[in-house]
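Here's the structure we're looking at; comments come further down.
Protein chains: 2
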Amino acid sequence: MRKVLLATGLGAMAAMAAGSAAANDELNRMSQNPAEWVMATGDYANQRYSKLKQINASNVGKLQVAWTFSTGVLRGHEGGPLIIGNVMYVHTPFPNKVYALDLANENKIIWSYEPKQDPNVIPVMCCDTVNRGLAYADGKIFLHQADDKLVALNAKNGNLEWTAVNGDPSKGQTGTSAPMVVKDKVLVGTSGGEFGVQCSMTAYNIKDGKQAWKAYSEGPDDQILFNEATTSLGKPVGKDSSLKTWEGDQWKIGGGCTWGWLAYDPSLDLVYYGSGNPSTWNPKQRPGDNKWSMTIFARNPDNGMAKWVYQMTPHDEWDYDGINEMILADIPVKGQTVKALVHFDRNGFAYTLNRENGQLLVAEKYDPKVNWATKVDMTTGRPEGVKQYSTEANGEDHNSKGICPAALGSKDQQPAAFSPKTNVFYVPTNHVCMDYEPFKVSYTAGQPYVGATLSMYPPQGDQNLGNFIAWDAGQGKILWSDPEQFSAWGGALATAGDVVFYGTLEGYLKAVDPATGKELYRFKTPSGIIGNVMTYMHGGKQYIAVLSGVGGWAGIGMAAGLTKDTDGLGAVGAYKALANYTQLGGVLTVFALPD
Amino acid sequence: MRKVLLATGLGAMAAMAAGSAAANDELNRMSQNPAEWVMATGDYANQRYSKLKQINASNVGKLQVAWTFSTGVLRGHEGGPLIIGNVMYVHTPFPNKVYALDLANENKIIWSYEPKQDPNVIPVMCCDTVNRGLAYADGKIFLHQADDKLVALNAKNGNLEWTAVNGDPSKGQTGTSAPMVVKDKVLVGTSGGEFGVQCSMTAYNIKDGKQAWKAYSEGPDDQILFNEATTSLGKPVGKDSSLKTWEGDQWKIGGGCTWGWLAYDPSLDLVYYGSGNPSTWNPKQRPGDNKWSMTIFARNPDNGMAKWVYQMTPHDEWDYDGINEMILADIPVKGQTVKALVHFDRNGFAYTLNRENGQLLVAEKYDPKVNWATKVDMTTGRPEGVKQYSTEANGEDHNSKGICPAALGSKDQQPAAFSPKTNVFYVPTNHVCMDYEPFKVSYTAGQPYVGATLSMYPPQGDQNLGNFIAWDAGQGKILWSDPEQFSAWGGALATAGDVVFYGTLEGYLKAVDPATGKELYRFKTPSGIIGNVMTYMHGGKQYIAVLSGVGGWAGIGMAAGLTKDTDGLGAVGAYKALANYTQLGGVLTVFALPD
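Residue numbers (my numbering), protein chains in the order written: chain H, 932 to 1526; chain B, 932 to 1526.
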């Protein structure tokens, strides 16, 4: 009897704690269980690595499609599903449907949710109506809607539990990113860098959706949540570190959006994410370093305070958003194992930092064709630019030609994977250059505030628009590189079975040997893949799953039905040939070994 | 030298003949080659039987998905692809895209075609924006567009060769059916029975798209192409056989549409097809037998003249369209092998006729729950109705309850298959009853002219909305019956490998044993299947292919996004639960055995 009381007592305590640190402990524990896939990033470290090894290098060639699920939505499908227990949660681009599928009952739809959203949000979304996925904690599914509302749904029945208004689409604020739950809060960014949004990272209480803190990317210290302890490359940034780098009030329409992936280190209790381009794309219009756009942030998840920052591309001249994922891994760097943060930036440099203090350890090009800078000065952390490719130096209405990479970067949002077995990063990349012509643009709330035209094409002498590479982040070296006809725009997965997976824009799911990059398996899914491969185990069987559904920036021509270069198709002309390989359509394809 | 001249001479002759009888010879020959699938019906006999047997009853359980292709269109996907040489031609519902896929080059898109059509045609399509497939002959692909235009595309490059205007959507005429090429003509029907269209079958010259003949379903003899030799049940129908069965000019808005499948017997030189419901659905408004709605036609393909006709449901009171396919098979009937035509009608009776002369041999219920008639009088060919279920007898504004089958019939357009190996028909069926309430409606061109409301549900005491059955057409007997939760709304395929395939509305491709109906294989395709399973061989490998993409009449609630019973969802309420199993999305799934 006493035992029962005790157990009940503990249960009650646990219940009280739920919604505070306990949610995090539960998530952290669940993320250690390779049978599940409880956050969009796989785990807090953003490694997209699975300990599952039923599918391995010897048998992956026998992989076959186990089941499929059409999402009922046509445009670009980024992200991937979650697995919580016996339930798979699948999301879609606008209108942001969510499906709960019963893995234990022939994948029947337990519930579905479709928010009521004003379709006028569609033209405000710069680069397709994508959504990068859901978050889970405490019996709730968190969805970041296109209209920049964050909603909590009851994971059991899909009922709406609360709604938080994170931004206003009529001012260009939209939602595309996957939220992340850290302790008793759910963190979510904003899109809108092409509309002059002053972007922020915001934390809401998972219990009731009340805002806990909001940290802007630029502005006064009390808005960006910096204090005297905030450092950059080991030195305090000092007072008004952002304001000093903008002219007048420009920071108020300064961009620095936060639509990429979050990561969290429970032992350091720090969250990491990157900020995007300063607005506009015309650098002449915004003198200064435009801090803290293009920046890696390490923040305290409880109050949002920044511990350290590092700006990769001061005064951006090319739209090299810094939002790509931060991967946390303890890896050897120059003979020492370091608590590292590894980041493959749009600007073509891969950065390895000490994630405790933001010290810069390695910064090397991960595409040899990158030409806008020769290198990164390891003391100042600043890139050493090449004048020929400086759109600031060349000025407004001048078409700077042959800049590599293109605005969509040597990599965009498509996340890389890391294998602790090999200590190697597996990176889906773009291999694209551009001509870039800035022009003067005036700001009107809710209207495009771009200020540049561009066109993209493969680097001179090359046919391939992408590569899938293996990267040694300690040395800053490419280990091998598999060329791809189009960009590798789908996220990678590394597994303990010594197989690395990724998707291609033509629609192939590919499995390669982590040691050599040799292709072990390929399958043509219904549409081009811009989703992220994930894996789970159910009923003793390992499954590999990926969303296909071509679109995103690379596929915007098809996704938005652009037919004329003057409609914007010209900018992504290099990807026109995609229509010879695949068509639109969101489908989840799930693979397994034969019985 | 003489040889060369001769060969050249013959070549020129062949070229001249192309576009006349030669096209038919070529097609007939190609349709004998089981590696290809050259017409929507598989062959002229409409048997949907393949001699391929690499996939057989012993190994079908090992079937796996070989490749997939999203069509980029969401709504209901009826029909299936064609295989001409190394090219697969895939069609979609509105906007009626056509894709040519290169089987020899990783199924790359050789060309695609999308007609420019006024989207105002969509609300004029009664039962989803479906299209049932393409025809091929003489280097051309024939597409029947939603706007009732018939176009010929160059099979090599997709160039538009000619356009024939078959009807006017502003008057309710639309295109959903698969054309069929017979000799030098391409035959195509019309949809519009719910809009008071006087429907017809029309033949166009494949060479230039000029109309060769047009045969209406009702009207004066020179419009319906009847002459003194035209018979019904062996007797001449006599002069004005249609006009006599309508009041005044009602035949001019009389329906009798022709959106089903065609069949052709080259040895008898007769084409066969059925006509649909008379307009309106309110029987009180159109006294008489309403000939020749609800009729099987046997016509001369050169001039359209009717050899024989048989009206299955005189003066329809339930919307039991007679458009379902005619299957031509030489089968034993009462001890004698007969050149039979077998037809599973919407009204719940399966008819076996002598296809030379239209003699009625067998007419039996293929669903035991059919109750609107007790039997068919084998002398008069007329059904013996049950007054309780007569919506004519019960009158306007009376809700007649418990009528079986429902308006969508014991089977709709989903075609059955026949195996000459077993002499058995494999039939995907509906198992649905209805309440039906006719009301007075007035005719306005281009506006719905329905005149009845209805609701549908499974027969009392049953849970299943469908069955997949084996049918002995000589005896008129069900051999076995597999219940299906929803209708079996996808077309069947029988093969020499002793496997029968069909698709389900939840999205399963199923393979069953032809002798017992025992399930041998199932796979969940991305969306519900209303397409027809087909097979082909390429590179020494047999493939099974099927379009999924839920919709059609049964799936109209999902396809048209109906959310309220008052929007029409009530009529198909029995299918509401489909949304718990599948979502929209057109995807071709292609299966093969592992290497």
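Here a beta-carbon is modelled for each residue, glycine too, at the ideal position from N, C-alpha and C.
Could you check how far apart the C-beta atoms of residue i and residue j are, in whole angstroms? I think they sit under 8 Å.
| i | j | result |
| --- | --- | --- |
| residue 1270 of chain H | residue 1161 of chain H | With 8 Å as the limit, residue 1270 of chain H and residue 1161 of chain H do not qualify as a contact, their Cβ atoms being about 19 Å apart. |
| residue 1425 of chain H | residue 1445 of chain H | 7 Å |
| residue 1401 of chain B | residue 1467 of chain B | The pair is not a contact, with the Cβ atoms about 25 Å apart (cut-off 8 Å). |
| residue 1059 of chain B | residue 1482 of chain B | 5 Å |
| residue 1524 of chain B | residue 1051 of chain B | Actually they do not touch by this definition, with Cβ atoms about 47 Å apart. |
| residue 1480 of chain B | residue 1518 of chain B | 7 Å |
| residue 1407 of chain H | residue 1293 of chain H | 4 Å |
| residue 1505 of chain H | residue 1389 of chain H | 6 Å |
| residue 1208 of chain H | residue 1369 of chain H | Wrong, their Cβ atoms sit about 12 Å apart, outside the cutoff. |
Taking CB distances under 9 Å as the criterion, tell me whether residue i reaches chain B.
| i | result |
| --- | --- |
| residue 1216 of chain H | no |
| residue 1374 of chain H | no |
| residue 1047 of chain H | no |
| residue 1525 of chain H | yes |
| residue 1138 of chain H | no |
| residue 1340 of chain H | no |
| residue 1516 of chain H | yes |
| residue 1025 of chain H | no |
| residue 1009 of chain H | no |
| residue 1102 of chain H | no |
| residue 909 of chain H | Past the boundaries of the shown model lies residue 909 of chain H; chain H is included only from 932 to 1526, so the question cannot be answered. |
| residue 1417 of chain H | no |
Determine the chain H residues that contact residue i at a beta-carbon separation under 7 Å, and present them in chain order.
| i | result |
| --- | --- |
| residue 1511 of chain B | 1039 and 1040 |
| residue 1458 of chain B | 1001 |
| residue 1166 of chain B | By Cβ distance, chain H contributes nothing, its closest Cβ being about 52 Å from residue 1166 of chain B, past 7 Å. |
Would you say residue i reaches chain H, if we count a Cβ-Cβ gap shorter than 9 Å as a contact?
| i | result |
| --- | --- |
| residue 996 of chain B | yes |
| residue 933 of chain B | With a pLDDT of only 37 at residue 933 of chain B, under 50, the local geometry of the prediction cannot be trusted, and no value is derived from it. |
| residue 1043 of chain B | yes |
| residue 1479 of chain B | yes |
| residue 1020 of chain B | no |
| residue 1034 of chain B | no |
| residue 1396 of chain B | no |
| residue 1472 of chain B | no |
| residue 1030 of chain B | yes |
| residue 948 of chain B | In this prediction, residue 948 of chain B has a pLDDT of 40, which is less than 50 and means its spatial position is unreliable; nothing more can be read from the coordinates. |
| residue 1519 of chain B | yes |
| residue 944 of chain B | Bear in mind that a pLDDT of 39 at residue 944 of chain B, under 50, signals an unreliable position, so the number given afterwards is only what the model happens to contain. It does not; no Cβ of chain H falls within 9 Å. |
| residue 993 of chain B | yes |
So if DSSP puts residue i in a beta bridge, which residue, or which two residues, is it bridged to?
| i | result |
| --- | --- |
| residue 1045 of chain H | Bridge partners of residue 1045 of chain H: none, in fact. |
| residue 1105 of chain B | B/1122 |
| residue 1186 of chain B | B/1129 and B/1209 |
| residue 1258 of chain H | H/1273 |
| residue 1242 of chain B | B/1226 |
| residue 1134 of chain H | H/1118 and H/1144 |
| residue 1467 of chain B | B/1474 |
| residue 1162 of chain H | H/1167 and H/1239 |
| residue 1453 of chain H | H/1441 |
Under 8 Å Cβ-Cβ, which residues of chain H neighbour residue i?
| i | result |
| --- | --- |
| residue 1507 of chain B | Simply none; closest approach about 13 Å. |
| residue 1080 of chain B | Ordered by position in chain H, no residue passes the 8 Å Cβ test against residue 1080 of chain B, which lies about 21 Å from the chain. |
Along chain H, in chain order, which residues have C-beta atoms closer than 9 Å to that of residue i?
| i | result |
| --- | --- |
| residue 1483 of chain B | Within 9 Å Cβ-Cβ: nothing; residue 1483 of chain B doesn't reach chain H, min ~15 Å. |
| residue 1495 of chain B | Result: empty, since nearest Cβ-Cβ is about 15 Å, beyond 9 Å. |
Counting only Cβ pairs nearer than 9 Å, list the residues of chain B close to residue i.
| i | result |
| --- | --- |
| residue 1440 of chain H | Result: empty, since nearest Cβ-Cβ is about 11 Å, beyond 9 Å. |
Along chain B, which residues have their Cβ under 7 Å away from the Cβ of residue i?
| i | result |
| --- | --- |
| residue 1005 of chain H | 1003 and 1005 |
Please tell me whether residue i has its Cβ less than 9 Å away from any Cβ of chain D.
| i | result |
| --- | --- |
| residue 1147 of chain B | Absent here is chain D; the protein component of the structure consists of chains H and B. |
Three or more C-beta pairs below 8 Å linking the segment 1176-1196 of chain B and the segment 963-982 of chain B: yes
At least 3 beta-carbon pairs within less than 8 Å: the segment 1162-1176 of chain B vs the segment 1276-1296 of chain B: yes
Contact the segment 1418-1436 of chain B vs the segment 1344-1356 of chain B: 3+ CB pairs below 8 Å: yes
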